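Written below as structure tokens is the structure these notes are about.
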Amino acid sequence: MRDVLPDIDRWLAEGKQVALATVVSTWGSAPRPAGSKMAISSQGEMSGSASAGCVEGAVVEEALASLRDGRPRRLHYGVADDSAWTVGLACGGDIRLYVEPLAPLLLGASPIFAFWRDAVAADQPIVRACVIDETSEWGGKSLLVDSEGRSAGELPGAIEPGVRLDALALVRGGASALKSYLAGEAPVEVFLDVTLPPPTLIIVGAVHIAIELARLAKILGFRVVVVDPRRGFNTRERFPMADELKSTWPDEALREVGVTMSTAVAMLAHDPKIDDPAAITALRSPAFYVGALGSKRTNRLREERLRDAGITPLELERLRAPIGLDLGGRSPEEIALSVLAEIVAARAGAPLAARRPPESHGAQEPS
Numbered sequence: 301m302r303d304v305l306p307d308i309d310r311w312l313a314e315g316k317q318v319a320l321a322t323v324v325s326t327w328g329s330a331p332r333p334a335g336s337k338m339a340i341s342s343q344g345e346m347s348g349s350a351s352a353g354c355v356e357g358a359v360v361e362e363a364l365a366s367l368r369d370g371r372p373r374r375l376h377y378g379v380a381d382d383s384a385w386t387v388g389l390a391c392g393g394d395i396r397l398y399v400e401p402l403a404p405l406l407l408g409a410s411p412i413f414a415f416w417r418d419a420v421a422a423d424q425p426i427v428r429a430c431v432i433d434e435t436s437e438w439g440g441k442s443l444l445v446d447s448e449g450r451s452a453g454e455l456p457g458a459i460e461p462g463v464r465l466d467a468l469a470l471v472r473g474g475a476s477a478l479k480s481y482l483a484g485e486a487p488v489e490v491f492l493d494v495t496l497p498p499p500t501l502i503i504v505g506a507v508h509i510a511i512e513l514a515r516l517a518k519i520l521g522f523r524v525v526v527v528d529p530r531r532g533f534n535t536r537e538r539f540p541m542a543d544e545l546k547s548t549w550p551d552e553a554l555r556e557v558g559v560t561m562s563t564a565v566a567m568l569a570h571d572p573k574i575d576d577p578a579a580i581t582a583l584r585s586p587a588f589y590v591g592a593l594g595s596k597r598t599n600r601l602r603e604e605r606l607r608d609a610g611i612t613p614l615e616l617e618r619l620r621a622p623i624g625l626d627l628g629g630r631s632p633e634e635i636a637l638s639v640l641a642e643i644v645a646a647r648a649g650a651p652l653a654a655r656r657p658p659e660s661h662g663a664q665e666p667s
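Residue numbers (my numbering): 301 to 667.
This is the structure in structure tokens:
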């Protein structure tokens, strides 16, 4: 939702109608995950992507039809369908979408769209539970739940308690999902649409590699915080792309920023006075990734210091050092790419240890 929201706001300000297409389930090699969005204006303008280009043309036609008749609709494209091949889903797999006009969300006493929009714009986690059964009298009805348990909208009373519990679990860190609930004897399909804040990358050490890593991370949508107590290093001139610069000691900076399950910490200073306090704090935090630059020898010495500082073996297992995937590059740009590739893989839940050869050095400091 975050990616398409600026265009939705602009189109609405211009007096245009807007339809929203959401991927609600996939199978096989479908190119976009559940929760992916595509917004379509009444003039056929597009924002976002439902399938990385495979079925966009067909989705636009259905969205315009939805705006004309005011009714949502479910779409299904798969390689087994002649129509799917016609619209271009030739990569294999199966994709199901829910297309709805935004007008019903903008009307009525419940400020559903405003609640949703404000949470997304403020980078607050929120789940929208939407009934996607076209034949149900509750089709298109929504319940929105944020991380504080506040809500807007309503669902059938028989399913709302269960949906609310599932939404509260997902809003604290989960993936969008299509679920079925029983309302009496009839099953009701509900799409739990999760919008989480963008991931944060905390870079410790404002070195040359950090400049390149910050630039790449911004391209991928990360919020970037650069931490280095050396003020001559950590400047806006060197890091114009960073969201925040922290010139305090790393352990203090990490506590001020707030490390969550959506945070990655990359320690690049190659100086124990800077890296070690950050490592101790990060390894005891819920950060999904903690990595440190250095050779194998540098890492052995670092591990000894961390153990002496009270870091447990289980905590130490979380440390990715030498940092990054072993791509064979040595320039700052290539090392930054290897670090970000490992962070992206960790966020996607890929098995990091299984991907690195036993004797790999990872990304080391350039010679």
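Here a beta-carbon is modelled for each residue, glycine too, at the ideal position from N, C-alpha and C. Only a predicted model underlies this, so the values are computations on that prediction, with no experimental measurement involved.
Taking residue i as part of the beta strand (DSSP E), name the residues at either end of that continuous run.
{"i": "Arg396", "result": "394 to 401"}
{"i": "Asp493", "result": "486 to 495"}
{"i": "Lys546", "result": "544 to 546"}
{"i": "Val323", "result": "318 to 327"}
{"i": "Arg584", "result": "It is not in any beta strand (DSSP E) - Arg584 carries neither H nor E in the DSSP assignment."}
{"i": "Ser451", "result": "451 to 453"}
{"i": "Leu501", "result": "500 to 504"}
Expressed to the nearest angstrom, what Euclidean distance is found between the alpha-carbon atoms of residue i and residue j?
{"i": "Ala587", "j": "Ala646", "result": "11 Å"}
{"i": "Val399", "j": "Glu314", "result": "21 Å"}
{"i": "Thr548", "j": "Ser451", "result": "38 Å"}
{"i": "Glu460", "j": "Glu454", "result": "8 Å"}
{"i": "Thr435", "j": "Pro372", "result": "11 Å"}
{"i": "Thr322", "j": "Leu496", "result": "16 Å"}
{"i": "Ala578", "j": "Met567", "result": "7 Å"}
{"i": "Ile308", "j": "Ala403", "result": "12 Å"}
{"i": "Phe415", "j": "Gln424", "result": "11 Å"}
{"i": "Ala553", "j": "Tyr377", "result": "48 Å"}
{"i": "Leu619", "j": "Thr581", "result": "12 Å"}
{"i": "Lys518", "j": "Ile432", "result": "34 Å"}
{"i": "Ala510", "j": "Ser638", "result": "12 Å"}
{"i": "Phe413", "j": "Asp626", "result": "45 Å"}
{"i": "Val527", "j": "Ser476", "result": "33 Å"}
{"i": "Glu633", "j": "Arg538", "result": "15 Å"}
{"i": "Thr598", "j": "Leu364", "result": "60 Å"}
{"i": "Glu448", "j": "Gly335", "result": "22 Å"}
{"i": "Glu533", "j": "Gln343", "result": "What sits at residue 533 in the sequence shown is Phe, not Glu. For Phe533 and Gln343, the distance between alpha carbons rounds to 49 Å."}
Is it right to say residue i is buried, meaning 16 or more other beta carbons lie within 10 angstroms of its own, or is it exposed?
{"i": "Leu593", "result": "buried"}
{"i": "Met561", "result": "exposed"}
{"i": "Lys596", "result": "exposed"}
{"i": "Gly624", "result": "buried"}
{"i": "Ala506", "result": "buried"}
{"i": "Thr500", "result": "buried"}
{"i": "Ala350", "result": "buried"}
Under three-state DSSP, which class holds residue i?
{"i": "Trp438", "result": "coil"}
{"i": "Phe415", "result": "helix"}
{"i": "Arg332", "result": "coil"}
{"i": "His570", "result": "coil"}
{"i": "Leu520", "result": "coil"}
{"i": "Leu305", "result": "helix"}
{"i": "Ala592", "result": "strand"}
{"i": "Arg618", "result": "coil"}
{"i": "Ala384", "result": "Residue placement at Ala384 is flagged as unreliable, the pLDDT there being 43, under the threshold of 50; a coordinate-derived value is accordingly withheld."}
{"i": "Ala339", "result": "strand"}
{"i": "Ala475", "result": "coil"}
{"i": "Phe423", "result": "Note on residue identity: the sequence assigns Asp, not Phe, to residue 423. Coil, per DSSP."}
{"i": "Asp369", "result": "helix"}
{"i": "Gly357", "result": "helix"}
If residue i sits next to residue j, beta carbons under 8 Å apart, how far is it from one beta carbon to the other, in whole angstroms?
{"i": "Trp327", "j": "Asp394", "result": "4 Å"}
{"i": "Ala429", "j": "Ala467", "result": "5 Å"}
{"i": "Ile574", "j": "Val504", "result": "6 Å"}
{"i": "Val557", "j": "Ile502", "result": "6 Å"}
Between which two residues does the alpha helix (DSSP H) carrying residue i extend?
{"i": "Lys596", "result": "596 to 608"}
{"i": "Leu375", "result": "Note, Leu375: premise wrong, no alpha helix (DSSP H); beta strand (DSSP E) at 373 to 378."}
{"i": "Leu294", "result": "Past the boundaries of the shown model lies residue 294; the chain is included only from 301 to 667, so the question cannot be answered."}
{"i": "Val639", "result": "632 to 647"}
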